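Input: a single structure, listed below in structure tokens.
Number of protein chains: 2
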Amino acid sequence: MSIASDLIRGHTETIILANLLNGDSYGYKINKAILKKTDGKYELKEATLYTAFRRLEESGSITSYWGDENSGARRRYYSITPEGRAEYDKLKSEWEKTKLLIDKLLVNGGNIDE
Amino acid sequence: MSIASDLIRGHTETIILANLLNGDSYGYKINKAILKKTDGKYELKEATLYTAFRRLEESGSITSYWGDENSGARRRYYSITPEGRAEYDKLKSEWEKTKLLIDKLLVNGGNIDE
DNA sequence: ATTATATACCTCACCTGTCAAGGTATATTT
DNA sequence: AAATATACCTTGACAGGTGAGGTATATAAT
Numbered sequence: 003m004s005i006a007s008d009l010i011r012g013h014t015e016t017i018i019l020a021n022l023l024n025g026d027s028y029g030y031k032i033n034k035a036i037l038k039k040t041d042g043k044y045e046l047k048e049a050t051l052y053t054a055f056r057r058l059e060e061s062g063s064i065t066s067y068w069g070d071e072n073s074g075a076r077r078r079y080y081s082i083t084p085e086g087r088a089e090y091d092k093l094k095s096e097w098e099k100t101k102l103l104i105d106k107l108l109v110n111g112g113n114i115d116e
Numbered sequence: 003m004s005i006a007s008d009l010i011r012g013h014t015e016t017i018i019l020a021n022l023l024n025g026d027s028y029g030y031k032i033n034k035a036i037l038k039k040t041d042g043k044y045e046l047k048e049a050t051l052y053t054a055f056r057r058l059e060e061s062g063s064i065t066s067y068w069g070d071e072n073s074g075a076r077r078r079y080y081s082i083t084p085e086g087r088a089e090y091d092k093l094k095s096e097w098e099k100t101k102l103l104i105d106k107l108l109v110n111g112g113n114i115d116e
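Sequences listed follow chains L and R, in order. Counting in the numbering used here, the first sequence runs without a single skipped number right up to 116 at its last residue. Counting in the numbering used here, the second sequence runs without a single skipped number right up to 116 at its last residue.
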């Protein structure tokens with residue numbers, strides 16, 4: 003594995019929301035978009051992806067509907083709600099703050115008396 | 003809570019190791035050092051701290067010994083091992099890579115066809 | 001004297017997100 | 001007929017974080 007799952011934990015929902023900001027999409031496509039964004043380095047596990055969809059829908063950040071494909075596999079499309087956009091903004095800014103905090107915490111240092 | 007635990011998850015061990023690079027220390031002091039590093043914004047929960055010590059010791063990244071305080075509460079000191087230093091380097095560089103990856107993934111974008 | 005606060009350690013049960021492993025179904029290519 | 005790609009889903013196990021509890025010493029406040 004190229005990325006530790008404990009380091010990505012907690013970002014799954016933000017990643018999904020980011021992929022819905024510009025328009026509706028569906029699971030498979032979102033995962034392929036993630037793969038492309040990261041130059042093939044990262045992709046969500048299916049179980050993680052779909053359980054995250056459930057959580058997001060339950061909390062009101064997204065809604066879903068079945069596509070009307072007349073050919074091929076059926077698709078469940080997702081829409082981001084206004085609450086979802088607000089949630090995205092919140093999670094994004096939390097990430098920016100946390101990033102700085104972790105950077106500070108991982109620096110070799112501290113522990114010298116006074 | 004000022005920092006989401008899912009965002010810090012997986013960094014606990016790296017944070018502890020970072021605090022042992024410059025010399026031995028003990029739980030309570032490490033946590034106070036973390037608090038100081040982050041200007042009072044963050045502190046590990048005790049249960050998190052001590053379970054992380056167990057894991058780190060079991061995996062060979064740290065060793066421990068009881069201090070010889072002749073007054074006050076007893077202290078268990080921790081030393082980072084050469085393996086622990088190597089582990090720190092590895093976790094630190096994983097963080098640097100993951101940070102860039104998450105930054106890419108959280109950007110508004112993707113989902114536009116071609 | 002007793003209560004509160006600070007120091008300093010520890011454990012257990014629970015919660016939550018991730019993931020391996022399984023499954024269903026359609027369409028195309030070999 | 002088999003393999004691959006698309007596209008969805010669920011279940012059980014696992015692991016790290018945490019709330020809530022505990023022990024013990026020393027000092028400051030009531």
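Using N, Cα and C, we set each Cβ at its ideal position, and we do this for glycine too. Since the structure is predicted, the reported quantities are computational estimates derived from the model, not experimental observations.
Return the residues of the segment 86-100 of chain L that lie within a Cβ-Cβ distance of less than 7 Å from chain R, sorted by chain order. LYS94, GLU96, TRP97, THR100
Which of the three DSSP states, helix, strand or coil, is assigned to THR65 (chain R)? When DSSP states are grouped into helix, strand and coil, THR65 (chain R) belongs to the strand group.
Burial state of TYR67 (chain R), where buried means 16 or more other Cβ atoms lie within 10 Å: exposed
Would ILE64 (chain L) pass as an interface residue toward chain R - the criterion being a Cβ-Cβ separation below 8 Å? no
Reduced DSSP secondary structure (H/G/I, E/B, other) of ARG56 (chain R): helix
DSSP beta-bridge partners of TYR80 (chain R): R:SER27, R:SER66.
List the endpoints of the continuous alpha helix (DSSP H) containing GLU15 (chain L). 14-20
Residue span of the alpha helix (DSSP H) that contains ILE10 (chain L), given as start and end: 7-10
Distance check for LYS31 (chain L) and GLY74 (chain L), CA to CA, integer angstroms please. 14 Å
Is the CB of ASN110 (chain L) under 8 Å away from at least one CB in chain R? yes
8 Å Cβ cutoff, THR50 (chain R) in contact with chain L: no
Can you tell which of R:ALA35, R:ASP26, R:ALA6 has the C-alpha that lies nearest to the C-alpha of LEU107 (chain L)? R:ALA35
GLY12 (chain R) and LEU9 (chain L) - do their beta-carbons sit closer together than 8 Å? Cβ atoms of LEU9 (chain L) and GLY12 (chain R): closer than 8 Å.
Between the Cα of ARG57 (chain L) and the Cα atoms of L:GLU45, L:ILE5, L:THR14, which residue gives the shortest distance? L:THR14
Under 8 Å between C-beta atoms, does GLU116 (chain L) make it to chain R? Because the pLDDT at GLU116 (chain L) is just 45, under 50, the model does not fix this residue reliably, and the point stays unresolved.
Which same chain residues end up closer than 6 Å to THR16 (chain R) when comparing Cβ atoms and leaving out the 5 residues on each side of it in sequence? The answer, listed in chain order, is LEU93.
Just to confirm, are SER81 (chain R) and LEU22 (chain R) a CB contact at a threshold of 8 Å? yes
For TYR79 (chain L), which option in L:THR40, L:ILE18, L:GLY42 has the closest C-alpha, if you only look at C-alpha atoms? L:ILE18
Using a Cβ-Cβ cutoff of less than 6 Å, which residues in the same chain neighbour TYR90 (chain R) once the five nearest sequence positions on both sides are dropped? LEU19
In chain L, what lies closer than 9 Å to TYR79 (chain R) by C-beta? Correct list: empty, because the minimum Cβ distance to chain L is about 11 Å.
If we define contact as Cβ-Cβ less than 8 Å, is GLY29 (chain L) a contact residue for chain R? no
Under a CB-based cut-off of 8 Å, is ILE17 (chain R) close to chain L? yes
Closer than 8 Å at the beta carbon, the chain R residues around TYR44 (chain L): LEU103, LEU107
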